[in-house]
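> Before I ask anything, here is the structure I am working with.
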Amino acid sequence: MTSYNPMRALPTKSGYGKGDVLVLCGELFGRGYANGIVEEATRRGMTIIGTTVGRRETDGTLRHLTAAELHEAEQNLGGRVINIPLEAGFDLQPADDGRSPADQLKGVKPDAWESVRLDWDNIEQARLLGLARFKANLASVVTELEKMIPANANVLFAHIIGGGMPRARMLMPVFNKVFKGQGERYLSSAAFWGSELGRLCKLSFDEVTADTFAHLIEATDSLRQAIIARGHKAAYSAYGYHGCEALINGTYTWQSYTPYVPGWAKMRLEEIAAAARSRGIGATVFNSPEIQTNSSALFMGVEIPLYLFLEALQKEGATALAAELREECRTLLRDDVTIEQMLAAATSYLASPVLNQFAAFETWPHHNTPEQAELMLNCSARLMGMNRNPKEIVCAALSTAVVNGVGKLILDSMWEPKAHVYWLNHDIIARRLAQGE
């Protein structure tokens, strides 16, 4: 278990600028944390180099992007994209017998999740083949990077790969019960995690979310040493999650979303960064707050602490931004709902005695209970129902602010990385936004 290390002091603004390079390991999709660092790097004049996970054909074959897809990806990024598939994981990887782990689950009914028995020899073969593919493609990406990175550039490698939920149709109804179920539809995350399907998910989360960071550091070893030998900087950042401090009833309090089953992989990510730092490599995981994204939609209720970011902005002196966001949020809420009612609803959940058993940092991640799931899901639904339009929500506006603040903090911190992990809580993000550009 990593010791809790919240960032309390604002880092000195970094020297990254024109001529320096931000390399993304992973593809930029939709709106998420990666957008924050890309937009901040672009604002500072850095060159952006992206990668892609590739695309799957209907027969499951992994391929490069088409010319049209590549153009769209580069327009979205605002930089060059190296068109070599960097999809991680093994869920769709055929083993020696031609079956992938996902194939094993074809025809299995969701209600049979507990009785599923998997062929682990098949899964291990698929894992090793998927790993070999990823490493080979990553080596090809690094070869391209060696041609593209100028000799006088400082380089930040940003790991933005996450997830790893096996892509099997029968799993989604099971996940919906684990993360969104209550009453008769409630499903214990501990029971699921202890099943063979849970074991498969853990292996997949580790492979995708965590181990890819180690592979990135290993694959760029010679490139990193060459950059440093030229008198320039080379460092690695990654996005983690390990709970977050929110301003609950006037006090910054660590809390976390439950049940966050990818949490074990996120702790493995922290350990990988610690191992790299022990070898003198500048690698840092930034444990960032809960936001609303396409990928977080499955974790209904994860967004509840985000509402209280408005309180942190006010407390930390970002008064102009706080006023601007409060007004934007007010226009997004129904006419019969006030900002105060919204904040009170979020606080009522986060301050509930029901959550006392989930307050221990040392035993994170925690599994759900029927009472906690019901309280969280009903609170989330109530808060979402306060929006005037379900497609234009308060959480989107607040997420944008948090993403921007985190992007600035990461770029500032990685100029002289001082720890293998930081928690970026609401307080430090609000103070960075109060600081301005």
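First residue of the sequence shown? That's 0 in numbering that gives the first Met the number 0, and the numbers climb one at a time after it.
We treat Cβ as the ideally placed atom computed from N, Cα and C, and that holds for glycine.
Can you say whether M463 is buried or exposed, counting buried as having 16 or more other CB atoms within 10 angstroms of its CB?
Look at the range of the chain in this structure, 0 to 436, and you will see that residue 463 is not part of it.
> Does the stretch 221-236 touch the stretch 162-170, meaning 3 or more C-beta pairs lie closer than 8 angstroms?
No, because fewer than three Cβ pairs between the stretch 162-170 and the stretch 221-236 fall closer than 8 angstroms, the two stretches do not touch.
> Taking only the alpha-carbon atoms, compute the straight-line gap between K232 and F156 and give it to the nearest angstrom.
Taking the first residue of the sequence shown as 1, we reach residue 232 at position 233. Taking the first residue of the sequence shown as 1, we reach residue 156 at position 157. Their backbone Cα atoms lie some 11 angstroms apart in a straight line.
> What do you get for P352, buried or exposed, if any count of 16 or more other CB atoms within 10 angstroms of its CB means buried?
If you number the sequence shown from 1, residue 352 lands on position 353. Counting Cβ neighbours within 10 Å, P352 comes out exposed, since fewer than 16 surround it.
> Between the stretch 236-250 and the stretch 414-431, do at least 3 Cβ pairs fall closer than 8 angstroms?
As far as the Cβ criterion goes, the stretch 236-250 touches the stretch 414-431, which means the pair count is three or higher.
> What is the rounded straight-line gap between the Cα of D19 and the Cα of W119?
The sequence position of residue 19 within the sequence shown is 20, counting from 1. The sequence position of residue 119 within the sequence shown is 120, counting from 1. Rounded to whole angstroms, D19 to W119 spans 45 angstroms at the Cα level.
> Tell me the residue span of the beta strand (DSSP E) that contains A233.
Translated into the one-based positions of the sequence shown, residue 233 becomes position 234. Note, A233: beta strand (DSSP E), A233 to G239.
> On the three-state DSSP scale, how would you describe V154?
On the sequence shown, residue 154 is found 155 positions in, with the first residue counted as 1. Looking at V154 - three-state DSSP - the assignment turns out to be strand.
> N377: which of L215, P261 and V301 sits nearest, CA to CA?
Position 378 of the sequence shown, counted from the start, is the residue given in the question as residue 377. That would be V301, whose Cα lies nearest to the Cα of N377.
> Can you name the residues that DSSP bridges to T51?
For the purposes of this step, residue 51 is taken as residue 52 along the sequence shown, with counting starting at 1. For T51, which the question treats as bridged, DSSP gives the partners P84.
> Check whether the stretch 131-145 touches the stretch 78-91, counting contact only when three or more Cβ pairs, one atom from each stretch, lie closer than 8 angstroms.
Yes, the stretch 131-145 is in contact with the stretch 78-91.
> If we ignore side chains and look at the alpha-carbon of each, how far apart do V52 and A135 end up?
For this step, residue 52 is matched to residue 53 along the sequence shown. For this step, residue 135 is matched to residue 136 along the sequence shown. If you take the alpha carbons of V52 and A135, they lie about 14 angstroms apart.
> Just checking my contact of A125 with P100 at CB under 8 angstroms: how many whole Å lie between their CB atoms?
Reading the sequence shown from its first residue, position 126 is the one you call residue 125. Reading the sequence shown from its first residue, position 101 is the one you call residue 100. With a Cβ gap of about 5 angstroms, A125 and P100 count as contacting.
> Over what stretch of residues does the beta strand (DSSP E) that includes F285 continue unbroken?
Position 286 of the sequence shown, counting from 1, holds the residue named residue 285. Unbroken beta strand (DSSP E) run through F285: A282 to N286.
> Report the CB separation of E217 from V420 in whole angstroms; it is logged as a contact under 8 angstroms.
If you number the sequence shown from 1, residue 217 lands on position 218. If you number the sequence shown from 1, residue 420 lands on position 421. At roughly 19 angstroms, the Cβ-Cβ gap does not stay under 8 angstroms, so E217 and V420 are not in contact.
> To the nearest angstrom, how far is the alpha carbon of Q276 from that of L9?
Residue numbering aside, residue 276 sits at position 277 when the sequence shown is read from its first letter. Residue numbering aside, residue 9 sits at position 10 when the sequence shown is read from its first letter. Looking at the sequence shown, residue 276 is not Gln but Arg. Taking the straight line from one Cα to the other gives about 21 angstroms.
> With a threshold of 7 angstroms on Cβ separation, who are the neighbours of E195 within its own chain once the five nearest residues in sequence on each side are excluded?
Position 196 of the sequence shown holds residue 195. Only V115, R116 and L117 meet the Cβ criterion.
> Counting only the same chain and skipping the five closest in sequence on each side, list residues whose C-beta sits under 6 angstroms from that of V511.
Nothing in the structure corresponds to residue 511, since the chain is present only between 0 and 436.
> Between the C-alpha atoms of R7 and E113, what's the straight-line distance to the nearest angstrom?
Within the sequence shown, residue 7 is the residue found at index 8, counting from 1. Within the sequence shown, residue 113 is the residue found at index 114, counting from 1. Taking the straight line from one Cα to the other gives about 44 angstroms.
> For the stretch 66-128, which segments carrying the alpha helix (DSSP H) assignment without a break, of at least 4 residues, lie completely within its bounds, in sequence order?
As far as the stretch 66-128 is concerned, its whole alpha helix (DSSP H) runs of at least 4 residues are 66-76 and 100-103.
> DSSP state of E39, grouped into three classes?
Along the sequence shown, read from residue 1 onward, the residue named residue 39 stands at position 40. Helix, per DSSP.
> In the DSSP output, what is C243 paired with across the bridge?
The count along the sequence shown starts at 1 and reaches residue 243 at position 244. Looking at the DSSP assignment, C243 forms a beta bridge with Q254.
> Please name the residue in A282, F357 and K314 whose C-alpha comes closest to that of T510.
Only positions 0 to 436 of the chain appear in this structure, which leaves residue 510 out of reach.
> Indicate whether H85 and L144 have their beta-carbon atoms separated by less than 8 angstroms.
Here residue 85 refers to the residue found at position 86 of the sequence shown. Here residue 144 refers to the residue found at position 145 of the sequence shown. Looking at the sequence itself, residue 85 is Leu, so the reference to His does not match. Their beta carbons are not under 8 angstroms apart, which means L85 does not touch L144 by this criterion.
> Put P172 into one of helix, strand or coil per three-state DSSP.
Indexing the sequence shown from 1 puts residue 172 at position 173. Looking at P172 - three-state DSSP - the assignment turns out to be helix.
> With DSSP as the reference, identify every bridge partner of W422, one or two as the case may be.
Counting from one through the sequence shown, the residue named residue 422 turns up at place 423. Partner(s): P5 and N286.
> For T399, which residues does DSSP report across the bridge?
Numbered from 1 along the sequence shown, position 400 holds the residue referred to as residue 399. The partner list for T399 (beta bridge, DSSP) is empty, contrary to what the question assumes.
> Could you pull out every unbroken alpha helix (DSSP H) segment of at least 4 residues lying fully inside the stretch 154-223, listed in chain order?
Within the stretch 154-223, the complete alpha helix (DSSP H) runs of at least 4 residues are 170-179, 188-192, 195-204 and 210-218.
> Going by C-alpha to C-alpha distance, which of A296, G25 and F89 sits closest to L128?
Locating residue 128 in the sequence shown gives position 129, counting from the first residue. Comparing Cα positions, the closest option is F89.
> Is the separation between the beta-carbon of L332 and that of M385 shorter than 8 angstroms?
As a first step, residue 332 is located in the sequence shown; it is residue number 333 there, counting from the start. As a first step, residue 385 is located in the sequence shown; it is residue number 386 there, counting from the start. Yes. Within cutoff.
> Would you tell me roughly how many angstroms separate the C-alpha atoms of A433 and G161, rounded to the nearest one?
Position 434 of the sequence shown, counted from the start, is the residue given in the question as residue 433. Position 162 of the sequence shown, counted from the start, is the residue given in the question as residue 161. Using only the alpha carbons, I get a separation of about 30 angstroms.
> May I have the straight-line CA-CA distance separating A317 from T362, to the nearest angstrom?
Residue numbering aside, residue 317 sits at position 318 when the sequence shown is read from its first letter. Residue numbering aside, residue 362 sits at position 363 when the sequence shown is read from its first letter. Their Cα atoms are separated by approximately 34 angstroms.
> Grouping DSSP H, G and I as helix and E and B as strand, with all else coil, what is V22?
Residue mapping note: residue 22 aligns to position 23 of the sequence shown, counting from 1. The answer is strand: DSSP assigns V22 an E or B state.
> Under DSSP, the alpha helix (DSSP H) around R278 begins and ends at which residues?
Counted from its first residue, the sequence shown places residue 278 at position 279. Taken as a continuous stretch (DSSP letters only), R278 belongs to no alpha helix (DSSP H), as it is neither H nor E.
> Does DSSP put R329 in a helix, in a strand, or in coil?
Start at 1 with the first residue of the sequence shown, and residue 329 comes out as number 330. Helix, per DSSP.
> Can the beta-carbon of N403 be found less than 8 angstroms from the beta-carbon of G35?
Residue 403 sits at position 404 when you count from the first residue of the sequence shown. Residue 35 sits at position 36 when you count from the first residue of the sequence shown. Yes, the Cβ-Cβ distance between N403 and G35 is below 8 angstroms.
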